[in-house]
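A quick write-up on the structure given underneath.
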Amino acid sequence: MNSKIVVAHRGASGYLPEHTMEAKAMAFAMNPDFIEQDLVLSKDDVPVVIHDIYLDDVTDVAIKFSERKREDGRYYVIDFTFEELQQLNVSERFNPKTGEQFYPNRFPKGKGNFKLHSLSQEIELIQGLNKSTGKNIGIYPEIKNPEFHHKKGKDIAKITLEVLSAYGYTSKNDNCIFQCFDAKELERVRKELNSDLFLVQLIEFPEETKQLKHFSTYADGIGPWYKQIIDKKENDHWKFTTLVEDAHKLNLKVHAYTFRADQLGDFSSFEEHVNTLLFDAKVDGCFTDFPDKVIKILNR
Ligand code: G3P
Ligand code: CA
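Under my numbering, the sequence shown has 232 at position 212, and the numbering climbs by one with no breaks.
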């Protein structure tokens, strides 16, 4: 049993289009600790599992609903009802301007018959598989861009917490970790919406790491980009920033994103990537597009 937490980032997204039910079922079979759900609200307030507020880089919306393009050239999840969203086909991620596939060696763009789904539908898949397999794999929902939703009169945090509660996720014991990049909103989740869930404050920019003490007043962990943890390589050894140590002193767990076997950055192998962060830098867990590969390395 590994003590390190493995989160299937957007499902087994290294192998199947991100956030499809198929990618989630495949991830489940790989035995991660958690499967991730990024969430955006539909026009009729359904939390939809999708990474961006836009539709045009992972679906065929530009073909099926060409007239629904906004002036900025984009198609927005929030402009479509859940029933309309379910008519779209989901594809491997691509650049909507050039049509080029984002990760060229992954599942072929535009192939297959994949659909969008709601948070409830995904929870029913994971809870159903937990029952039929006897496993206990958790969920790791992230509310995307709460400020954008507030401006449209929508409270994505409140709606998501209600769905989670309806499926039995209300406390730190319930195998659910709730994450958000927006610090003000995550603080609100704890202090105004009174959630007892395990909360992870995501960190996008290095200057946000100065806020650790404040984060520890409402969050249980942080989710930094892994590059905020590594400094440089000297004499074949990686040096690290003090981020993990500082977080641990404040009793915050550290779940770093995103480990990709097909995007190694400065590492020479995926094994070096995983071992350097999880063991040398003492990170508590990671988000990965390749949960099977991380688990294999951890089991060695
Ligand atoms: O939520 C943490 C991890 O998923 C990285 O962020 O941009 O892929 O949602 P993102
Ligand atoms: Ca995420």
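Where is the CB? At the ideal position from N, CA and C, for every residue including glycine.
Could you check whether the Cβ of glutamate 162 sits closer than 7 Å to any heavy atom belonging to ligand 2?
yes
Going by Cα to Cα distance, which pick from Ile223, Leu105 and Tyr246 is closest to cysteine 306?
Tyr246
Test: aspartate 202 CB closer than 8 Å to a CB of chain C
Included in the structure is just one protein chain, with no chain C present.
Assuming phenylalanine 102 and serine 140 make a contact with CB atoms under 8 Å, what is their CB distance in whole Å?
Phenylalanine 102 to serine 140, Cβ: 10 Å. No contact.
Counting beta carbon pairs with one atom in the region 175-183 and one in the region 205-213, are three or more of them shorter than 8 Å?
yes
On the three-state DSSP scale, how would you describe leucine 181?
helix
Identity of the residue in Ala49, Lys24 and Ala267 nearest phenylalanine 235 by Cα:
Ala267
So the alpha helix (DSSP H) lysine 211 belongs to, where does it begin and stop?
203-211
Ligand 1 and tyrosine 246: does any heavy atom of the ligand fall closer than 7 Å to the residue's C-beta?
no
If I measure Cβ to Cβ from phenylalanine 114 and keep anything under 7 Å in the same chain, skipping five residues before and after, which residues do I get?
Asp77, Glu120, Gln121, Phe122 and Lys129
What I want to know is whether the C-beta of leucine 222 ends up closer than 7 Å to one or more non-hydrogen atoms of ligand 1.
yes
Using a Cβ-based criterion (distance less than 7 Å to any ligand heavy atom), does glycine 243 qualify as near ligand 1?
yes
Cα separation between glutamate 254 and phenylalanine 260?
11 Å
Any heavy atom of ligand 1 closer than 7 Å to the beta-carbon of histidine 71?
With a threshold of 7 Å, the Cβ atom of histidine 71 counts as near ligand 1, since some heavy atom of the ligand is closer than that.
Distance check for glycine 34 and leucine 184, CA to CA, integer angstroms please.
27 Å
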